[in-house]
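Novice: Residue numbers (the numbering used here): 69 to 420. Questions regarding the structure given below will be posed in turn.
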């Protein structure tokens, strides 16, 4: 649901203009560990490489090792002997396996854990290995340590690679910097569910619903996705707990008093059919969209309309301007002729 590392996919026979962007979590991973040789120390080992990327533009190079330079892996792993993150050399068995994947992918078969393209970060920095991406993000964080967005990106990288403890630390750091960061709350909530801690995830999904309306820096589509994911989980948790877990977040009394200090409190009663797609969408819109401004007119102090001398002279004869008319009771209806003698309806004249 959140913005993660993208895979730039293109068919080898097409131009770069036909590229598509893939979310790294939407592409299947290699199911078995692959044998690799560390280019730094020469130690061999088997690693979970994630998804294989093969950049066609690099593979077409006349270099002898063009194929190896075109290969990349989205999984996060390091050499077990020297802790290097690459480069990696491919034994014959791994070359044969990746070649078979490439042939299968070119034949049009879907769900192949190989993408013709390359991996890139949000700032379009291309990388071959997840460790390269980690180094790039940490370099950005060193320059902007207070920018929670970068910590969320780092957490997404770790989470995709199964580094759950590192991912949790990164998300918690983002929330520490900005407690209203809805993306960090949502990602941490999902991670807690995946690691068997669903009750700890509830406050984070409540935080998404509480702060999403003010998260204007996040695009609307992503905000809707985050809210929908939070609502779906909270619905399930609310049902399984027999109502012990609140479906919607509660606001602190101090926060309510602060918000209501300069704004009127409006209570709106609405019904949602949460068993239908439309009901879920309507509930999402209630959190994502700001309330309509038209209702505020009910609470504004009305200004008295004081007609100027020109307008008053136009509706009443000059000889009646200086002498007010006093009546003990109203004898004219709204649509009756005005008693002042102007010839206009009462509602259009003195009835104003």
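Note that beta-carbon positions come from the ideal geometry of N, C-alpha and C, so glycine has one too.
For a quick check, are the C-beta atoms of residue 185 and residue 123 less than 8 Å apart?
Specialist: One-based indexing of the chain shown puts residue 185 at position 117. One-based indexing of the chain shown puts residue 123 at position 55. Their beta carbons are under 8 Å apart, which means residue 185 touches residue 123 by this criterion.
Novice: Does the separation of the CB atoms of residue 195 and residue 281 fall below 8 Å?
Specialist: Locating residue 195 in the chain shown gives position 127, where the first residue counts as 1. Locating residue 281 in the chain shown gives position 213, where the first residue counts as 1. The answer is no: Cβ separation not under 8 Å.
Novice: Quick one: is residue 229 buried, meaning 16 or more other Cβ sit within 10 Å of its Cβ, or exposed?
Specialist: The count along the chain shown starts at 1 and reaches residue 229 at position 161. Buried, because 16 or more other Cβ atoms sit within 10 Å of the Cβ of residue 229.
Novice: Taking residue 169 as the reference, which of 352, 182 and 248 has the closest Cα?
Specialist: Indexing the chain shown from 1 puts residue 169 at position 101. Here the closest residue by C-alpha is 182.
Novice: Please classify residue 291: is it buried, with 16 or more other beta-carbons within 10 angstroms of its beta-carbon, or exposed?
Specialist: By 1-based counting over the chain shown, the position of residue 291 is 223. Label assigned to residue 291: buried.
Novice: Runs of 4 residues minimum, wholly inside the segment 250-296: which ones carry the alpha helix (DSSP H) assignment?
Specialist: As far as the segment 250-296 is concerned, its whole alpha helix (DSSP H) runs of at least 4 residues are 250-262 and 266-279.
Novice: Leaving out the 5 sequence neighbours to the left and right, which residues in its chain are closer than 7 Å to residue 279 when beta-carbon positions are compared?
Specialist: Counting from 1 along the chain shown, the entry for residue 279 is found at position 211. Here the set comprises 248 and 250.
Novice: Measuring only the C-alpha atoms, how far is residue 121 from residue 142?
Specialist: Here residue 121 is taken as the residue at index 53 of the chain shown, counted from 1. Here residue 142 is taken as the residue at index 74 of the chain shown, counted from 1. Taking the straight line joining both Cα atoms gives about 8 Å.
Novice: Under three-state DSSP, which class holds residue 165?
Specialist: Numbered from its first residue, the chain shown carries residue 165 at position 97. Residue state, collapsed to three classes: helix.
Novice: Whole angstroms are fine: how far does the CA of residue 119 sit from the CA of residue 189?
Specialist: Position 121 of the chain shown, counted from the first residue, corresponds to residue 189. Position 51 of the chain shown, counted from the first residue, corresponds to residue 119. Computed Cα separation, rounded: 16 Å.
Novice: In the segment 92-131, which residue ranges form an unbroken alpha helix (DSSP H) of at least 4 residues, counting only runs that do not cross its ends?
Specialist: Counting only runs of 4 or more, we get 124-127.
Novice: Compare the beta carbon distance of residue 136 and residue 157 with 8 Å and say whether it is the shorter of the two.
Specialist: Locating residue 136 in the chain shown gives position 68, where the first residue counts as 1. Locating residue 157 in the chain shown gives position 89, where the first residue counts as 1. For residue 136 and residue 157, yes; Cβs fall inside 8 Å.
Novice: When burial is assigned at 16 or more other CB atoms within 10 Å of the CB, is residue 304 buried or exposed?
Specialist: Start at 1 with the first residue of the chain shown, and residue 304 comes out as number 236. Exposed.
Novice: Please determine, among 108, 285 and 104, the residue with the shortest C-alpha to C-alpha distance to residue 66.
Specialist: For the chain, the structure presents residues 69 to 420; residue 66 sits outside this window and is missing.
Novice: Quickly, what does DSSP pair residue 312 with across the bridge? List them, please.
Specialist: In the chain shown, residue 312 corresponds to position 244, counting from 1. Residue 312 is not bridged to any residue.
Novice: On the premise that residue 277 lies in contact with residue 298, defined as a C-beta separation below 8 Å, what is that separation, rounded to the nearest angstrom?
Specialist: Residue 298 sits at position 230 when you count from the first residue of the chain shown. Residue 277 sits at position 209 when you count from the first residue of the chain shown. With a Cβ gap of about 6 Å, residue 298 and residue 277 count as contacting.
Novice: Please report the residue range of the beta strand (DSSP E) in which residue 184 lies.
Specialist: Taking the chain shown and counting its residues from 1, the one referred to as residue 184 is at position 116. First-last of the beta strand (DSSP E) with residue 184: 182-188.
Novice: Ignore the nearest five residues each way along the sequence and tell me which others in residue 395's own chain have a CB closer than 8 Å to its CB.
Specialist: The residue labelled residue 395 in the question sits at position 327 within the chain shown. Any reading at residue 395 must be qualified, since the residue scores a pLDDT of 49, below 50, and its modelled position is unreliable; the value itself is stated next. Only 407 meet the Cβ criterion.
Novice: May I ask which residues mark the beginning and end of the alpha helix (DSSP H) holding residue 222?
Specialist: In the chain shown, residue 222 corresponds to position 154, counting from 1. Note, residue 222: alpha helix (DSSP H), 216-228.
Novice: Can you confirm whether the segment 103-111 touches the segment 148-157 when touching is taken to mean that 3 or more C-beta pairs between the two stretches lie within less than 8 Å?
Specialist: The segment 148-157 vs the segment 103-111: in contact.
Novice: In this structure, how does DSSP classify residue 153 when only helix, strand and coil are distinguished?
Specialist: Stepping through the chain shown from its first residue, residue 153 is reached at position 85. Residue state, collapsed to three classes: coil.
Novice: Is it true that the CB of residue 238 sits closer than 8 Å to the CB of residue 222?
Specialist: On the chain shown, residue 222 is found 154 positions in, with the first residue counted as 1. On the chain shown, residue 238 is found 170 positions in, with the first residue counted as 1. Result yes, Cβ atoms of residue 222 and residue 238 sit closer than 8 Å.
Novice: Exposed or buried, which one is residue 203 when buried takes at least 16 other CB atoms within 10 Å?
Specialist: The residue labelled residue 203 in the question sits at position 135 within the chain shown. It is exposed - the Cβ of residue 203 has fewer than 16 other Cβ atoms within 10 Å.
Novice: Which residues mark the beginning and the end of the beta strand (DSSP E) in which residue 140 is found?
Specialist: Translated into positions along the chain shown, residue 140 becomes position 72. Residue 140 -> beta strand (DSSP E) spans 139-141.
Novice: Given residue 146, which residues of its chain have a CB within under 7 Å of its CB, disregarding the five upstream and five downstream residues?
Specialist: The residue you call residue 146 lines up with position 78 of the chain shown. Same-chain partners within the cutoff: 152, 153 and 199.
Novice: Confirm, please, whether the CB-CB distance from residue 115 to residue 101 is below 8 Å.
Specialist: By 1-based counting over the chain shown, the position of residue 101 is 33. By 1-based counting over the chain shown, the position of residue 115 is 47. Their beta carbons are under 8 Å apart, which means residue 101 touches residue 115 by this criterion.
Novice: Quick check on DSSP: helix, strand or coil for residue 411?
Specialist: Locating residue 411 in the chain shown gives position 343, counting from the first residue. Coil.
Novice: Count the other CB atoms within 10 Å of the CB of residue 314; is the residue buried (16 or more) or exposed (fewer)?
Specialist: Here residue 314 is taken as the residue at index 246 of the chain shown, counted from 1. So residue 314 ends up on the exposed side.
Novice: Which residues mark the beginning and the end of the alpha helix (DSSP H) in which residue 348 is found?
Specialist: Along the chain shown, read from residue 1 onward, the residue named residue 348 stands at position 280. Note, residue 348: alpha helix (DSSP H), 345-356.
Novice: Leaving aside the five residues before and after residue 112 along the sequence, list all residues of the same chain whose C-beta is less than 6 Å from its C-beta, in chain order.
Specialist: Numbered from 1 along the chain shown, position 44 holds the residue referred to as residue 112. 105, listed in sequence order.
Novice: Can you tell me whether residue 256 is buried or exposed? The criterion is at least 16 other CB atoms within 10 Å of its CB, across all chains shown.
Specialist: Along the chain shown, read from residue 1 onward, the residue named residue 256 stands at position 188. Result: buried.
Novice: Pop quiz: residue 166 and residue 139 are said to be a contact at Cβ under 8 Å. What is the actual Cβ separation, rounded to whole angstroms?
Specialist: Within the chain shown, numbered from 1, the residue matching residue 166 stands at position 98. Within the chain shown, numbered from 1, the residue matching residue 139 stands at position 71. So it is a contact: roughly 7 Å between Cβ atoms.
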